[in-house]
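Peer 1: In terms of full-length UniProt numbering, the sequence shown is numbered consecutively and its last residue is 107. There's a structure below that I have some questions on.
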Amino acid sequence: MAEKLAEQFDSDKVAAFNAGLLHDISGIIPNSKRISFAEDLGITILPEERMFPMIIHQKISRVIANEVFNIDNQQILSAIECHTTLKGMGSNTIPLTYNPTSDYSIN
Numbered sequence: 001m002a003e004k005l006a007e008q009f010d011s012d013k014v015a016a017f018n019a020g021l022l023h024d025i026s027g028i029i030p031n032s033k034r035i036s037f038a039e040d041l042g043i044t045i046l047p048e049e050r051m052f053p054m055i056i057h058q059k060i061s062r063v064i065a066n067e068v069f070n071i072d073n074q075q076i077l078s079a080i081e082c083h084t085t086l087k088g089m090g091s092n093t094i095p096l097t098y099n100p101t102s103d104y105s106i107n
């Protein structure tokens, strides 16, 4: 799906594909362990993330993509890091973002 969205919006298909593969890689970590796992990685944790640990997975996935899979493309890492809580995007490089009513939407 990420590649199709990238093609539709004239974005980097390979980057979108990689972001699509890795965005939920930390889903293997149970919610009950995500905060301590993130702390061990040195990730800054917001009060909202402590209250709802599921959303910290995007930051953990970014670190895993970077450190385990050697992804250094900042656009891919940024897309992974914000796919649940979003942030403003100045370009359509990887226009893949989370939408609670469906799996994916366009930013």
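No residue lacks a Cβ here, since even glycine has one placed at the ideal position from N, Cα and C.
1) Tell me the DSSP secondary structure of M1 in three-state form.
2) Check each candidate in L21, T84, G42 and name the one with the smallest Cα separation from E48.
3) Are at least three pairs of beta-carbons, each pair with one atom in the segment 20-39 and one in the segment 47-62, less than 8 Å apart?
4) Return the first residue and the last residue of the alpha helix (DSSP H) that P47 is part of.
5) Leaving aside the five residues before and after T101 along the sequence, list all residues of the same chain whose C-beta is less than 6 Å from its C-beta, in chain order.
6) Whole-angstrom Cβ separation of S24 and S61, contact assumed at under 8 Å?
Peer 2: So, to answer that:
1) coil
2) T84
3) yes
4) 47-51
5) Its pLDDT being 38, under 50, T101 is placed unreliably in this model, and the value from its coordinates should be taken loosely. Counting only Cβ-Cβ distances below 6 Å, and skipping sequence neighbours, we find nothing.
6) In the sequence on display, residue 24 carries Asp and not Ser. So it is a contact: roughly 6 Å between Cβ atoms.
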